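*Asks:* Residue numbers for the sequence shown follow the numbering used here, so the first one is 135 and each next one is one higher. Questions regarding the structure given below will be posed in turn.
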Amino acid sequence: MNALATTASVEPEIEVQAVFPETNPFSHVVNGERNQIFLAVENKSDRNVTLQTVGGSFHHPETGALIKNITSVSYGLALLEGAKLRIPYAFHSEFKPRDLRLNIWLEHTVGDEKYRVTAYDSIVTIVEPEMSWFDLKLISTYLIVVAMLAGASYFAYLTYLPTPKAKKSKRRQEESASTVTATGANVGGYEEEWIPSHHLKKPKGKKVAASSGDELSTGEASGAEGKKRKARK
Numbered sequence: 135m136n137a138l139a140t141t142a143s144v145e146p147e148i149e150v151q152a153v154f155p156e157t158n159p160f161s162h163v164v165n166g167e168r169n170q171i172f173l174a175v176e177n178k179s180d181r182n183v184t185l186q187t188v189g190g191s192f193h194h195p196e197t198g199a200l201i202k203n204i205t206s207v208s209y210g211l212a213l214l215e216g217a218k219l220r221i222p223y224a225f226h227s228e229f230k231p232r233d234l235r236l237n238i239w240l241e242h243t244v245g246d247e248k249y250r251v252t253a254y255d256s257i258v259t260i261v262e263p264e265m266s267w268f269d270l271k272l273i274s275t276y277l278i279v280v281a282m283l284a285g286a287s288y289f290a291y292l293t294y295l296p297t298p299k300a301k302k303s304k305r306r307q308e309e310s311a312s313t314v315t316a317t318g319a320n321v322g323g324y325e326e327e328w329i330p331s332h333h334l335k336k337p338k339g340k341k342v343a344a345s346s347g348d349e350l351s352t353g354e355a356s357g358a359e360g361k362k363r364k365a366r367k
């Protein structure tokens, strides 16, 4: 009984090693992106264990003070004695670019006993994501922002700047007033060159009357001259 109790109380030997993928050889943690790391787990004990959760935290690189815990992921995977397993773990970061200490751990259970094993404990570099001009999401975001700014500018222009309609109406009033003045000035007189030629000709009857009148006056004058000549004789 004492041997069984001693065996049960001894922590099983579980070896865990966490590594970043080959695409991230410098252990960079990118802000705003899904950072992935892989845990290689090996059960070197003579007991079966259950892999419960994987979690982690960021610490100050010099003092070791806790800065922030990162998301824990539950697995609930059984790991038989002598077996190996490789599990992925993803986390996010939202820090200023700098160096921090990253600690990742694995919790496993044997019966009612829970144990924690350190999988990763090293300095990582927090970096910002690389900018790409061919990033469709980024381009669409820029287009939306530009469209919103253009709409806001146009609305502000229509709201706060005066419209030129009043000036146009004043010009129209001045033009109409000048037209009326010119028309009134031309009422008293007229220019013959604007009147058709057939309206300027005088009726022939009046000319005949005038000519007959002239002939009568000429006859009268000749009769008077004849009387004067007889008197002289």
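Backbone N, C-alpha and C fix where the C-beta goes; we use that ideal spot for every residue, glycine too. Everything numeric in this text was worked out from a predicted model, so none of it was measured.
Report the rounded CA-to-CA distance for residue 235 versus residue 252, giving the unit in angstroms.
*Replies:* Spanning the two alpha carbons is a distance of roughly 13 Å.
*Asks:* Give me the DSSP bridge partner(s) of residue 190.
*Replies:* Beta-bridge pairing links residue 190 to 204 and 238.
*Asks:* Am I right that residue 211 and residue 188 are in contact with their C-beta atoms under 8 Å? What's the rounded C-beta distance?
*Replies:* No, residue 211 and residue 188 are not in contact; Cβ-Cβ is about 10 Å, not under 8 Å.
*Asks:* Residues in its own chain within less than 8 Å of residue 344 by CB, not counting five upstream and five downstream?
*Replies:* Unreliable placement is indicated for residue 344, whose pLDDT of 44 sits below 50; the coordinate value is still reported in the next sentence. Counting only Cβ-Cβ distances below 8 Å, and skipping sequence neighbours, we find nothing.
*Asks:* Tell me the residue span of the beta strand (DSSP E) that contains residue 222.
*Replies:* Note, residue 222: beta strand (DSSP E), 218-225.
*Asks:* Is there contact here, the region 255-264 with the region 156-173, by at least three beta-carbon pairs under 8 Å?
*Replies:* Segments in contact, yes.
*Asks:* Can you round the beta-carbon distance between residue 191 and residue 237 to whole angstroms, since I take them to be within the 8 Å contact cut?
*Replies:* Between residue 237 and residue 191 the Cβ distance is about 5 Å, and since that is below 8 Å, they are a contact.
*Asks:* Less than 8 Å separating the beta-carbons of residue 182 and residue 225?
*Replies:* No, the pair does not count as a contact, with Cβ atoms beyond the cut-off.
*Asks:* Quick test of your reading: residue 175 and residue 218, contact by CB under 8 Å. State the CB separation rounded to the nearest angstrom.
*Replies:* Confirmed, Cβ separation roughly 7 Å.
*Asks:* Per DSSP, which one or two residues make a beta bridge with residue 152?
*Replies:* Partner(s): 173.
*Asks:* Residue 197 to residue 279, Cα distance in whole Å?
*Replies:* Their backbone Cα atoms lie some 43 Å apart in a straight line.
*Asks:* Can you tell me whether residue 368 is helix, strand or coil according to DSSP?
*Replies:* This structure cannot speak to residue 368, because the chain is shown only from 135 to 367.
*Asks:* Looking at C-alpha atoms only, which residue of 151, 167, 150 and 148 is the closest neighbour of residue 264?
*Replies:* Among 151, 167, 150 and 148, the Cα nearest to that of residue 264 belongs to 167.
*Asks:* Three-state secondary structure (DSSP) at residue 161?
*Replies:* Three-state result, residue 161: coil.
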